[in-house]
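With UniProt numbering applied, the sequence shown covers 1 to 300.
Virtual Cβ for every residue (Gly too), placed ideally from N, Cα, C.
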Amino acid sequence: MAPDTVSLQYFLVLAQELNFTRAAARIGIAQPALSARMRRLEAELGTSLLIRNTRSVVLTTAGAALAESAPAALAALDRAWDTARNAGAGELGTLRIGYSLSTGAETVPALVDRLIRGNSGLEVVAVPMATPDISPSVADGRIDAGITRGEQPGRGVRRFLLRSERIGVQLAQHHPLAEHPEIEIADAAAYPLRLPDRAANPVIHDELSALFRDTRPHPRFHTPAVSFDMSQGDLRDGVTLAPTGEAAVTAAPAGLTWRPLRGAPSLTIHMVLPREQLPLHRRIRAVAKTLAHELHWLPD
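This is the structure:
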């Protein structure tokens, strides 16, 4: 069994002082206790470290070797303890975040940037996922956290509101409705409306389609063949509208714009964490809460 670190630290003080009285006073223990520690250390190592007489203390060859190598070993051990503590506090390791594609335009990049800048020892891996898969993946530990639009169902997880944004429509800049600062829901319903695929996100699909439930005539909904098209090509016809949250303002491709729908409720973005949370989960929650406050993602 290797000697305990306290005995090694006491030995290094003694190796510097070469005097039991001064070493014991510097450490803050009685001289007999220090002598007993050194005898036990020599017994554990199976070799003499010190040559003692009434007037002096001299290091043996083994003692000199230990005095030279022990400081680096103790420093390495201290670093190991610090690494373990930092990992336990959620400041070190790999954080796996799954996110729905629609949150990847602004919300997730801002959160990942803040996590990386504030935690140099934390590696953040953000992976786009199908929305229905995020909560189950958090619950079974495949990912550490998730970012979703809407209150996605899921067992074994907790949801935290991260962002609340107005619902509007994305449309071509030359669309007839683009000249209005706000668009009436009934006016938007007169045009073809592109909705996200319900299989990809049933919560948001149902929430957006419900906006137009009472309009007459019934609007024409369609779902694109490509679940998430960065170019938003189908909106460039100057006719089709895409109901979406306000984050589309910062992610709109050239030629497209966004207008709020008058009287529409808010669209929500949630952070999904395991029900049983470790320090890593509490850290990402704290960072997200601070970021949401600073960027005014939530009402005061």
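Item, Value
"G168 versus P136: straight-line alpha-carbon distance, rounded", "30 Å"
"8 Å contact criterion, which T257 and A199 should meet: CB distance rounded", "Their Cβ separation, rounded to whole angstroms, is 29 Å, which puts T257 and A199 out of contact at 8 Å."
"Beta-carbon proximity of W81 to E165, cut-off 9 Å", "no"
"8 Å contact criterion, which Q232 and P217 should meet: CB distance rounded", "Wrong, their Cβ atoms sit about 26 Å apart, outside the cutoff."
"Option in L18, R22, T21 and I27 with minimal Cα separation from S7", "I27"
"Pairwise C-alpha distance: Y10 and A75", "15 Å"
"Simplified DSSP state of A242, which is helix, strand or coil", "strand"
"Per-residue burial, N201 [other beta carbons within 10 Å of its own, 16 or more giving buried]", "buried"
"Sequence-distant residues of its chain with Cβ nearer than 8 Å to A70 (five each side left out)", "L8, F11 and L12"
"Beta-carbon contacts of L59 that lie in its chain and below 8 Å, excluding the five residues immediately before and after", "A15, L18, L49, L50, I51 and A67"
"Residue span of the alpha helix (DSSP H) that contains L8, given as start and end", "T5 to E17"
"A254 in three-state terms, based on DSSP", "coil"
"The region 92 to 107 touching the region 139 to 158, judged by at least three CB pairs closer than 8 Å", "yes"
"Cutoff 6 Å; reference R114; Cβ partners in own chain excluding five residues on either side", "V287 and L291"
"Beta-carbon proximity of G238 to A186, cut-off 9 Å", "no"
"Segment contact flag, the region 152 to 164 with the region 206 to 216, C-beta cutoff 8 Å, min 3 pairs", "no"
"Identity of the residue in V272, A248, I116 and A24 nearest residue 320 by Cα", "The structure shown does not extend to residue 320, since the chain spans only 1 to 300, so no value can be given for it."
"Terminal residues of the beta strand (DSSP E) in which L208 lies", "No beta strand (DSSP E) contains L208, which is instead part of the alpha helix (DSSP H) from P202 to A210."
"Spatial neighbours of F160 in its chain, beta-carbon cut-off 6 Å, leaving aside the 5 residues before and after", "M271"
"Cross-strand partners of A145 (DSSP beta bridge)", "I97"
"A178 (DSSP reduced to helix, strand or coil)", "helix"
"G63 versus P192, R285, A130 and G46, residue with shortest Cα-Cα distance", "G46"
"Per-residue DSSP class, three states only, for T268", "strand"
"Proximal residues to L280 (C-beta, below 7 Å), its chain only, five neighbours per side dropped", "G90, G93, L95 and D144"
"Distance CB(A189)-CB(P224) smaller than 9 Å", "no"
"Distance between beta carbons of E182 and P260, contact taken as under 8 Å", "5 Å"
"Sub-9 Å separation of A110 and L267 beta-carbons", "no"
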